Amino acid sequence: MPEPQVNMDQLSGALRRETVKKNVAAIHISGKLTLLQRKLSNVLLLNAYDTLTSATTHTIDARTLAMMVGYNSNDFDTLRSSLRALAETVAEWDMLDEEGRQEWGVSSLLSFAKLKNGICEYAYSPALAQKLFDPKIYALINVHIQRNFSSGHGLALYENCYRFVRTGSTGWWTLDVFRKLMGVDGSDYYSSFKHLNAKIIKPAVTEVNKSSDIVIEPEFRKKGRAVTDLRFRIRENPQMAMFQIDDGDGVRNLPVYKTLRKQGVADRLARQWIAEHGEDYVQQKLDYMNERQRDVKSAVGYLSAALRDDYQAPDKPEQVEPSPESLEAARKRAETLAREDQAYEARAVERTERARKLAVVEDLVSRRNPTQRDADKRLFLSGLTDDLDREHFRAHGWRSGLNATAIFAFWEELEPGVFENHG
27 MPEPQVNMDQ LSGALRRETV KKNVAAIHIS GKLTLLQRKL SNVLLLNAYD
77 TLTSATTHTI DARTLAMMVG YNSNDFDTLR SSLRALAETV AEWDMLDEEG
127 RQEWGVSSLL SFAKLKNGIC EYAYSPALAQ KLFDPKIYAL INVHIQRNFS
177 SGHGLALYEN CYRFVRTGST GWWTLDVFRK LMGVDGSDYY SSFKHLNAKI
227 IKPAVTEVNK SSDIVIEPEF RKKGRAVTDL RFRIRENPQM AMFQIDDGDG
277 VRNLPVYKTL RKQGVADRLA RQWIAEHGED YVQQKLDYMN ERQRDVKSAV
327 GYLSAALRDD YQAPDKPEQV EPSPESLEAA RKRAETLARE DQAYEARAVE
377 RTERARKLAV VEDLVSRRNP TQRDADKRLF LSGLTDDLDR EHFRAHGWRS
427 GLNATAIFAF WEELEPGVFE NHG
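Right under this line is the structure:
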């Protein structure tokens, strides 16, 4: 069954960035996870990344989360079991700290997770959050690319190879290390290299080369006749451009999209037409319309009818000219979509402005001493009369979206003009 499609334009903040900065020490932690659990881990990290070390908990709409990962948006049983698996999976790192000293650590992937009122709330342990946030050593895990994978072993191999793309090779891994990375350590069946190669290495390599922005080639080192180590040569996929085009920006770069926009077609409607009919078909109808400019009162309405009813050139017998009724219906539909587009763009501006103001508040709070912070919170709480608002503020502090308007008014009163002065 195809995975549910998520419109990335509906997402904001870290989720629009589409890549996860994933610390290389943490890439080794989830070998035993299923494909969907591994995707879930990446999406949760992507959602939390901006406030990974400054916020104690993170939230995301549960239906959006399910759809991004590939679950049915109503399948909360599977989502619950996958969150449980992440909380039960142990993360282990062994690395050098900033002063060159060896550091070993262990933590669960998630310190807790809960689903309530359609919201998924979760957290990382402080130690693991620091490792995941460290910008010095990370791999970029592309959430669009991970949708292409159908096996957990393929995605695990991609994650562990991608971070070496600049050096061109993973370096030599012992077979024991490789089995651990793939989550098959401890299996008697895969202790045999013959089985490991046939069931894990070859299929995973094939999937990485077919589904991602890199091409890998395994090399083996032997002791006598037995294979003891392997490494992967890595180069960028010559078809890389196709993976970098996302559902929105990629379509917006097409000439036919730009032509539609010049004709007054709304952004969402233009992308919908291209997705439904293909570039060539849409261009044919544009050409058809251009030949009949004298008959066209509304380009959007005419195009909508032409696409739906497949208007043909006069020399084709199957030509169907638009009726006044179909043109009027198409015009009304186009106007409705245009209004929805305008409303969506207005909401996007509002979300951006709210995020900016929340960042200003976070900066203001960080510059106050602990005594002032406690006094600020008590003063703000005293002004909240609704129990739900008060409880939400206690849980989320100054990042409480439910109280955003009241929070901005509070700080504006404390420091007039503060939001304008912070650009």
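Numbering (our numbering), first residue to last: 27 to 449. Ideal Cβ placement from N, Cα and C applies to all residues, glycine included. Keep in mind the model is a prediction, meaning the values are calculated, not measured.
Collapsing the DSSP output to three states places residue 290 in coil. When the five nearest sequence neighbours on each side are left out, the beta carbons in the same chain lying within less than 7 Å of the beta carbon of residue 285 are those of 312, in order along the chain. The continuous stretches of alpha helix (DSSP H) do not include residue 261, which lies in the beta strand (DSSP E) extending over residues 252 to 262.
The beta-carbon separation of residue 202 and residue 211, rounded to 7 Å, stays under the 8 Å limit for a contact.
A straight line joining the alpha-carbon of residue 429 with that of residue 61 spans about 37 Å.
Cβ neighbours of residue 434 within its own chain (closer than 6 Å, five residues either side excluded): 383. Note on the region 86 to 155: whole alpha helix (DSSP H) runs with a minimum of 4 residues are 88 to 95, 102 to 114, in chain order. Nearest in C-alpha terms to residue 288, of all of 324, 422, 208, is 324. DSSP, reduced to helix, strand and coil, places residue 317 outside both helices and strands of the structure shown, so it counts as coil. Contact between the region 136 to 147 and the region 181 to 200 is not established, with fewer than three Cβ pairs separated by less than 8 Å. For residue 240, the enclosing beta strand (DSSP E) begins and ends at 240 to 249. In this structure residue 144 is not in contact with residue 182, their Cβ atoms being roughly 31 Å apart against a cut-off of 8 Å. Your pair residue 64 and residue 180 does not check out as a contact, with CB atoms roughly 10 Å apart and the cut at 8 Å. By the CB criterion at 8 Å, residue 196 and residue 278 fall outside the cutoff.
Closest in alpha carbon position to residue 219, among 200, 237, 233, is 200.
By the neighbour-count definition (other C-beta atoms within 10 Å, threshold 16), residue 440 is an exposed residue. Rounded to the nearest angstrom, the gap between the Cα atoms of residue 205 and residue 243 is 17 Å. Burial check for residue 327: the Cβ neighbour count within 10 Å reaches 16 or more, so the residue is buried. Rounded to the nearest whole angstrom, the C-alpha separation of residue 106 and residue 71 is 17 Å.
For residue 200, the beta-bridge partners assigned by DSSP are 255.
Scanning its chain for C-beta atoms nearer than 6 Å, with the 5 sequence neighbours on each side dropped, one finds around residue 237 the residues 174, 175, in chain order. In this model, residue 290 and residue 299 are separated by some 14 Å (Cα to Cα).
By the C-beta density criterion, residue 233 is buried, having at least 16 other C-beta atoms within 10 angstroms.
A straight line joining the alpha-carbon of residue 69 with that of residue 154 spans about 16 Å.
The Cβ atoms of residue 425 and residue 74 lie no closer than 8 Å to each other. Just measuring C-alpha positions, the residue of 227, 133, 252 sitting nearest residue 114 is 133. Judged by their CB atoms, residue 410 and residue 419 are nearer to each other than the 8 Å cut-off.
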